[in-house]
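Protein chains in written order, with my numbering: chain A, 36 to 182; chain B, 2 to 144.
A short write-up of the structure that comes next.
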Amino acid sequence: MVEWTESERAIIQDIFSRINYETVGPAALSRCLVVYPWTRRYFGNFGNLYNADAIMTNPKVAAHGTIILHGLDRALKNMDNIKETYAELSVLHSEKLHVDPDNFRLLADCITIVLASQMGKEFTTDMQAAFQKFMSVVVSALGRQYH
Amino acid sequence: MSLNAKDKTIIRDFFKKISTRNEEIGNEALSRMLTVYPQTKSYFAHWKDLSPGSEPVKRHGVLIMNGVFDGVSKLDDLIGGLLDLSELHAFMLRIDPVNFKIFTHCILVVMSMILGEEFTPEIHLSVDKFLAQLSLALAERYR
């Protein structure tokens, strides 16, 4: 069971209340596809992903980035049971999508970096700590049903 | 994942641009690492003050960033150029190389924080590759 302090809960709710999903989602996914090019293997039907410009302007990438970020909402609402909350999603990523779970960590890092870019100095050390803890719990839950 | 010509150009230009902020970046990155990854504090038990922005942290942040900038000047042969630094880390400091990845992540977060949109995905890619190569060079003499 993950233990959250009151401060961590407050920070995480605060961060998500400030995020512009339509900006952060697309920016994070496209950054992931640029910085870790092997992640493009999962998006064969997204069209042109051959270079950074194509990726950054690809509408399918943008749409999917927003979807992924909204996927975090359920964890946000169920912080004391993220494992159960994502059990089905974990099975989906394992059995149907066949995504190497290390990619969850890569994307989580990109989300963190985009957040830092958006929030600048407001992204304090404590906020980074709480957010990365939250993301690592999400990442772990998503990888849990792999066998 | 070695550095191609485009990476090297990006790295040289980028680090020249941020050369005046190396103290700021070093301090922020190290402070963050010690808080976000508390296990890293185990290497600094001999310091009086491990809090973010403290004197030892600030001084050490500069030291590390100077090493990173030194790496930029040795881009064409990181392993050869950093042999001494590698021996220091291998035989004296004996820092588990997994921590190089952790610190790299903190540097990237800080760069993104202070540069915002200027820290483009392309620059991020080249800097990540460079810091990974730097880490490899640092670990060269470990075993």
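Just so it is clear, CB atoms sit at the ideal spot from N, CA and C, and this is done for glycine as well.
Quantities reported herein were computed from a predicted structural model and do not represent experimental measurements.
Terminal residues of the continuous alpha helix (DSSP H) containing residue 165 of chain A? Residues 160 to 178.
Can you give the Cα-Cα distance for residue 38 of chain A and residue 115 of chain A, rounded to whole angstroms? Those two C-alpha atoms are separated by around 8 Å.
Name the residues in the stretch 154 to 166 of chain A whose C-beta lies less than 8 Å from a C-beta of chain B; which are they? Cβ contacts with chain B come from 154, 155, 156, 158, 160, 161, 163, 164.
Residue 121 of chain A burial status per 10 Å Cβ neighbour count (16 or more: buried): Of the other Cβ atoms in all chains shown, 16 or more fall within 10 Å of the Cβ of residue 121 of chain A; this residue is therefore buried.
Whole-angstrom C-beta distance between residue 46 of chain A and residue 162 of chain A, which should lie under 8 Å: Contact holds; Cβ gap of about 5 Å.
Going along chain B in order, which residues have a C-beta closer than 8 Å to the C-beta of residue 44 of chain A? Per Cβ cutoff of 8 Å: no residues; residue 44 of chain A is ~17 Å from chain B at best.
Compute the beta-carbon to beta-carbon distance between residue 31 of chain B and residue 58 of chain B, rounded to the nearest angstrom, for a pair I have assumed lies under 8 Å. The Cβ separation is near 5 Å, so the contact holds.
Would you mind sorting residue 94 of chain B into buried or exposed? The rule is 16 or more other CB atoms within 10 Å of its CB. The residue is exposed, with fewer than 16 neighbouring Cβ atoms inside 10 Å.
May I have the straight-line CA-CA distance separating residue 90 of chain A from residue 71 of chain A, to the nearest angstrom? So the two alpha carbons sit approximately 12 Å from each other.
Cβ of residue 79 of chain B within 8 Å of any chain A Cβ: Chain A contact via Cβ: absent.
Candidates A:152, A:173, A:65, of which the one nearest residue 97 of chain A by Cα: Answer by Cα proximity: A:65.
Nearest CA to the CA of residue 140 of chain A: which residue from A:126, A:177, A:110? Ranked by Cα distance from residue 140 of chain A, the options A:126, A:177, A:110 are led by A:177.
Per-residue contacts from residue 87 of chain A into chain B (C-beta, under 7 Å): Simply 122, 123.
In its own chain, which residues sit with a C-beta less than 6 Å from the C-beta of residue 127 of chain B, not counting the 5 before and 5 after it? Cβ neighbours of residue 127 of chain B beyond the five flanking positions: 8, 11, 12.
Determine the direct distance from the alpha carbon of residue 52 of chain B to that of residue 160 of chain A, and round the result to whole angstroms. Straight across, the Cα-Cα distance linking residue 160 of chain A with residue 52 of chain B is about 11 Å.
Can you find the residues in the same chain that come closer than 6 Å, C-beta to C-beta, to residue 142 of chain A, ignoring five residues on each side of it along the sequence? Closer than 6 Å at the Cβ level, and outside the excluded window around residue 142 of chain A, lie 67.
For residue 156 of chain B, I'd like the list of residues in its chain whose CB is within less than 8 Å of its CB, leaving aside the five on either flank, ordered along the chain. The question about residue 156 of chain B has no answer here: the residues shown for chain B are numbered 2 through 144.
Between residue 138 of chain B and residue 80 of chain B, how many whole angstroms is the CB-CB distance? I'm expecting something under 8 Å. Yes, they are in contact, since the Cβ atoms of residue 138 of chain B and residue 80 of chain B sit about 5 Å apart, within 8 Å.
Write down the C-beta distance between residue 16 of chain B and residue 70 of chain B rounded to the nearest angstrom, noting that I regard them as a contact closer than 8 Å. Beta-carbon to beta-carbon, residue 16 of chain B and residue 70 of chain B are separated by about 6 Å, close enough to satisfy the 8 Å threshold.
Helix, strand or coil: which one does DSSP assign to residue 182 of chain A? Coil.
Quick one: is residue 66 of chain A near chain B, going by C-beta distance under 8 Å? With 8 Å as the cut-off, residue 66 of chain A counts as an interface residue toward chain B.
Could you tell me whether any Cβ in chain A is nearer than 8 Å to the Cβ of residue 62 of chain B? With 8 Å as the cut-off, residue 62 of chain B does not count as an interface residue toward chain A.
Residue 147 of chain A: contacting residues in chain B (beta-carbon distance under 7 Å): In chain order: 110.
Below-8 Å beta-carbon distance, residue 117 of chain B vs any chain A residue: Yes, because at least one Cβ of chain A sits closer than 8 Å to the Cβ of residue 117 of chain B.
Members of the stretch 17 to 41 of chain B near chain A, C-beta cut-off 7 Å: Flagged, chain order: 32, 33, 36, 37.
Is it the case that the stretch 100 to 116 of chain B contacts the stretch 17 to 31 of chain B, given that we only count it when at least three CB pairs across the two stretches are under 8 Å? Taking one beta carbon from each stretch, the stretch 17 to 31 of chain B and the stretch 100 to 116 of chain B have 3 or more pairs nearer than 8 Å; the two touch.
Closest to residue 180 of chain A by CA distance: which of A:157, A:94, A:123 is it? Answer by Cα proximity: A:123.
According to DSSP, simplified to helix, strand and coil, what is residue 73 of chain A? In the structure shown, residue 73 of chain A falls within a helical segment according to DSSP collapsed to helix, strand and coil.
Considering only the beta carbon of each residue, do residue 84 of chain B and residue 72 of chain B sit closer than 8 Å? No, Cβ-Cβ distance for residue 84 of chain B and residue 72 of chain B is not below 8 Å.
Which residue from A:151, A:55, A:150 puts its Cα closest to that of residue 102 of chain A? The shortest CA-to-CA distance from residue 102 of chain A to any of A:151, A:55, A:150 is the one to A:55.
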